[in-house]
Amino acid sequence: MRILVGATWPTHLMPMVPLIWALRSAGHDVLVAGTEDVVRAAETAGLPAASLGAGDGVPRKRSVPGHLGVDRAGEHGGVWEAGWDRLARRWLGRIDTVLDDYLALAARWRPDLVLCEPLEFSGLIVGGVHDVPVVQHRWGPDVLTTQAWGPAREILHTAAVEAGCDSGLPAPSLIVDPCPPSLQHPEAAAARTVRYLPYNGPGRLPAEVPARSGRRVLVCLGTRSLALDGRRELTIAALEACAGLEAVVTCVPEHQEELRARAPESVTIVDPVPLNLVMDGFDCAVVYGGAGTTHTALHFGVPQVVLAPGHPVLQVLGERLEACEAGRLVPEAEQGDPERIRAALLDVLDDPRHREGAERLRDEMAAQPAPSELVGALEALAR
0 MRILVGATWP THLMPMVPLI WALRSAGHDV LVAGTEDVVR AAETAGLPAA
50 SLGAGDGVPR KRSVPGHLGV DRAGEHGGVW EAGWDRLARR WLGRIDTVLD
100 DYLALAARWR PDLVLCEPLE FSGLIVGGVH DVPVVQHRWG PDVLTTQAWG
150 PAREILHTAA VEAGCDSGLP APSLIVDPCP PSLQHPEAAA ARTVRYLPYN
200 GPGRLPAEVP ARSGRRVLVC LGTRSLALDG RRELTIAALE ACAGLEAVVT
250 CVPEHQEELR ARAPESVTIV DPVPLNLVMD GFDCAVVYGG AGTTHTALHF
300 GVPQVVLAPG HPVLQVLGER LEACEAGRLV PEAEQGDPER IRAALLDVLD
350 DPRHREGAER LRDEMAAQPA PSELVGALEA LAR
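Mapping the sequence shown onto numbering that gives the first Met the number 0, position 67 (from 1) lands on 66, and the numbers just tick up by one.
Next up, the structure:
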């Protein structure tokens with residue numbers, strides 16, 4: 000069996016890697032298709048890849064359907080409210096950039112199955128054109144893609160028909176979900192669960208982490224936080240909130256000198272590290288709400304303080320953690336205040352219900368079928 004894999008972003012590929020390797024281990028051929036950043040991530044994971052969108056770089060600039068323009072952008076509601084117009088432009092831009100290459104690659108490689116993450120709508124079109132089943136693989140707690148299905152079918156209808164899908168954007172044949180059921184958003188579409196296994200990319204265990212002497216906090220706000228507007232001060236506020244607590248902060252080398260100049264004595268700054276190498280040595284993680292970081296922490300039963308930026312998907316993840324009593328979400332308006340962050344941090348450290356909630360989710364994750372147990376179902380789909 001040949002499986003063509005698609006992802007819009009490297010971090011959207013990473014949750015699929017354990018299933019991809021399960022397929023490889025069962026003797027199947029896999030090819031990851033994406034832009035250069037996704038190709039590099041695939042190659043780092045030891046997977047063959049093909050580059051998309053490497054032509055003249057001039058997209059076709061499809062227009063957003065008028066009925067989804069700014070004046071009616073809020074009609075679909077959901078977590079994005081008035082943001083559907085902005086998402087529409089992103090989706091169309093993605094189709095313009097990669098779809099032709101994607102279709103040509105599929106015609107040449109002839110896959111039996113397409114595996115893609117929920118926002119890689121090109122994968123659905125490729126499956127429809129080539130009459131092969133498409134499996135969507137979620138990242139984690141997710142209501143956006145369920146709510147987005149109606150708008151996406153409208154926005155991408157013309158593109159899908161022009162490509163050869165007479166009925167418009169096809170639905171996936173199966174949705175695979177690595178999120179523990181209790182953490183998943185109650186409005187998310189039905190899916191087949193799979194055990195989350197951390198794949199956090201390559202790296203070495205940092206030698207500079209001191210021996211543990213008490214309760215320890217990991218601060219991991221993403222490798223790009225200090226390069227993003229508004230996130231620099233949030234990172235500094237998180238450091239200040241850890242004053243007097245044993246804390247380790249992961250940070251890319253170019254920003255470490257700045258952080259060390261601002262960090263309390265109790266805080267150690269280290270290079271980015273695959274979190275599965277270190278997470279079990281912490282009592283709490285301060286995170287930005289990305290599914291990979293959050294699921295890795297839960298894999299080890301570690302509760303979290305979530306400092307989600309103004310992105311509804313990340314906010315939803317923080318809300319779901321709170322609902323499961325596995326951590327705290329600091330409201331966006333309070334994220335620049337070290338005292339507010341510290342209050343949430345001390346609550347998570349001091350109140351055992353957060354650790355107990357995280358451990359319940361850990362046990363629930365462990366009870367889900369391993370990726371290798373899904374291989375048979377995917378083989379059956381492709382027959």
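Ideal Cβ placement from N, Cα and C applies to all residues, glycine included.
- Task: Can you give me the Cβ contacts of Leu373 inside the same chain, cut-off strictly under 6 Å, excluding the 5 residues immediately before and after it?
- Result: By the criterion of a C-beta distance shorter than 6 Å, Leu373 is surrounded in its chain by Val193, once the five residues flanking it on both sides are discounted.
- In whole angstroms, what is the alpha-carbon distance linking His156 and Pro169? Taken atom to atom, the span from the alpha-carbon of His156 to that of Pro169 is near 9 Å.
- Considering only residues of the same chain and omitting the five flanking positions on each side of Thr7, which have a CB-CB separation below 6 Å? Beyond the five residues adjoining it in sequence on each side, Thr7 comes within less than 6 Å, by CB distance, of Leu118 and Glu119 in the same chain, given in chain order.
- Contiguous beta strand (DSSP E) assignments of at least 3 residues, all confined to the region 314 to 339: Fully enclosed beta strand (DSSP E) runs of 3 or longer: 326 to 328.
- Message: Beta-carbon within less than 6 Å of Pro47's beta-carbon, same chain only, minus the 5 sequence neighbours each way: which residues are those?
- Response: For Pro47, where only same-chain residues beyond five positions count, the Cβ hits under 6 Å are Leu30.
- Message: Pull the bridge partners of Ala49 from the DSSP assignment, please.
- Response: Residue pairing by DSSP puts Ala49 in a beta bridge opposite Ala32.
- Task: Could you check how far apart the C-beta atoms of Val286 and Val272 are, in whole angstroms? I think they sit under 8 Å.
- Result: Val272 and Val286 do not touch by the CB rule: their CB atoms are close to 14 Å apart, not below 8 Å.
- Task: Please determine if the region 128 to 142 and the region 97 to 115 are in contact, where contact requires at least 3 C-beta pairs separated by less than 8 Å.
- Result: With a cut-off of 8 Å, the region 97 to 115 and the region 128 to 142 count as touching, because enough Cβ pairs lie within range.
- Query: For Arg361, is the classification buried or exposed, using 16 other Cβ atoms within 10 angstroms of its Cβ as the cut-off for buried?
  - Reply: With 16 or more other CB atoms across the displayed protein chains lying within 10 angstroms of its CB, Arg361 is buried.
- Query: To the nearest angstrom, how far is it from the Cα of Asp389 to the Cα of Leu173?
  - Reply: Residue 389 lies beyond the residue range present for the chain, which begins at 0 and ends at 382; the question has no answer from this structure.
- Expressed to the nearest angstrom, what Euclidean distance is found between the alpha-carbon atoms of Val216 and Arg354? Answer to the nearest angstrom: the Cα atoms are 13 Å apart.
- Tell me which same chain residues have a C-beta within less than 7 Å of the C-beta of Pro171, skipping the five on either side of it? The answer, listed in chain order, is Leu123, Val133, Val134 and Gln135.
- Message: Quick check: is any heavy atom of the ligand PLP less than 7 Å from the C-beta of His298?
- Response: The ligand PLP is not among the ligands present in this structure, which contains no ligands whatsoever.
- Query: For Pro368, which residues of its own chain have a beta-carbon under 8 Å away from its beta-carbon, when the five flanking residues on both sides are left out?
  - Reply: For Pro368, where only same-chain residues beyond five positions count, the Cβ hits under 8 Å are Thr192, Val193 and Arg194.
- 7 Å Cβ shell around Gly280 - same chain, five flanking residues per side excluded: Arg211 and Arg215, listed in sequence order.
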